[in-house]
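Engineer:
Numbering (the working numbering), first residue to last: 266 to 407.
1) Expressed to the nearest angstrom, what Euclidean distance is found between the alpha-carbon atoms of residue 394 and residue 377?
2) Contact between the region 369-388 and the region 274-283: three or more CB pairs below 8 Å?
3) Rounded to whole angstroms, what is the Cα-Cα separation between residue 318 and residue 308?
4) Got a sec? Which residues, its chain only, sit under 8 Å from residue 305 by beta carbon, not counting five neighbours each side?
5) Which class does residue 310 belong to by DSSP, given the choice of helix, strand or coil?
6) Whose CA, out of 299, 380 and 397, lies closest to the CA of residue 366?
7) Using CA coordinates, which residue listed in 352, 355, 324 and 281 is at the minimum distance from residue 297?
8) Return the residue from the list 399, 401, 400 and 391 that minimises the CA-CA distance to residue 326.
9) From 369, 331 and 283, pick the residue whose C-alpha is nearest to that of residue 358; which is it?
10) Output the boundary residues of the alpha helix (DSSP H) element that contains residue 319.
11) Helix or strand or just coil, what does DSSP make of residue 211?
12) Once the 5 residues before and after residue 375 are set aside, which same chain residues still bring their CB inside 6 Å of it?
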């Protein structure tokens, strides 16, 4: 079944994009907040700066904001924005693991477990963005 955005040049209304972006942000912040809370409460991994509330919240917001802007652009430029966005999101997700690897190699006290938690947080942001922004999954109509 074709997406309702499959027609070239058909873009998502700005208000709808904003609502979907807020939904993505809430999903990502709640998901990463719960993950961080569980990891810290159970003392599952080493305590590193990157696994504190400030950096997690900041990079979650930046990730969702970037995803929302890219999705909005794709609805204006792509014949198949949902499909294109999912490909871009997958590629960006893989690239986002690079800085985590750098943390493992260069941050004193960083452990494989702590870096894996950071990587899972990237997956949470990507999944929340795909679910909330794309027409395939979002319950928010155009």
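Note that the Cβ used here is the ideal one computed from N, Cα and C, for glycine as well.
Structural biologist: Walking through what the data contain:
1) 26 Å
2) no
3) 15 Å
4) 312 and 316
5) coil
6) 380
7) 324
8) 391
9) 331
10) 318-342
11) Residue coverage of the chain in this structure runs from 266 to 407, which leaves residue 211 outside it and unanswerable.
12) 313, 368 and 369
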